[in-house]
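Trainee:
Residue numbers (the working numbering): 837 to 917.
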């Protein structure tokens, strides 16, 4: 897919995860960071489940799921008691 494709997938995945989890996006840079880390996390999760991703749509879904999981994990650390 290349670096440009990965960046675009990362931005879209971060934006979608922000919409799903918080109801809004976070801005271009944070969306990119969340999406790229989410793509790594999503690829790892899908690998554990034995699922292979071979398409752009599959990569976007995997990255978005990983980004939502990442946001959920971060929210666990940000909770105030």
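Just so it is clear, CB atoms sit at the ideal spot from N, CA and C, and this is done for glycine as well. The structure displayed is predicted, hence computed values, not measured ones.
Specify whether the segment 885-894 and the segment 856-876 touch according to this definition: at least 3 beta carbon pairs, one from each stretch, less than 8 Å apart.
Mentor: No contact exists between the segment 885-894 and the segment 856-876.
Trainee: Could you pull the start and end residues of the alpha helix (DSSP H) that residue 867 belongs to?
Mentor: From DSSP, the alpha helix (DSSP H) with residue 867 extends over 864-884.
Trainee: Any idea if residue 870 is buried or exposed, counting beta-carbon neighbours within 10 angstroms, 16 or more meaning buried?
Mentor: Its Cβ being crowded by 16 or more others within 10 Å, residue 870 is buried.
Trainee: Label residue 867 either buried or exposed according to how many other C-beta atoms from any shown protein chain fall within 10 Å of its C-beta, with 16 as the threshold for buried.
Mentor: Buried is the call here.
Trainee: Is the Cβ-Cβ distance between residue 874 and residue 906 less than 8 Å?
Mentor: Yes, the pair counts as a contact, with Cβ atoms nearer than the cut-off.
Trainee: For residue 889, which three-state DSSP category applies?
Mentor: Coil.
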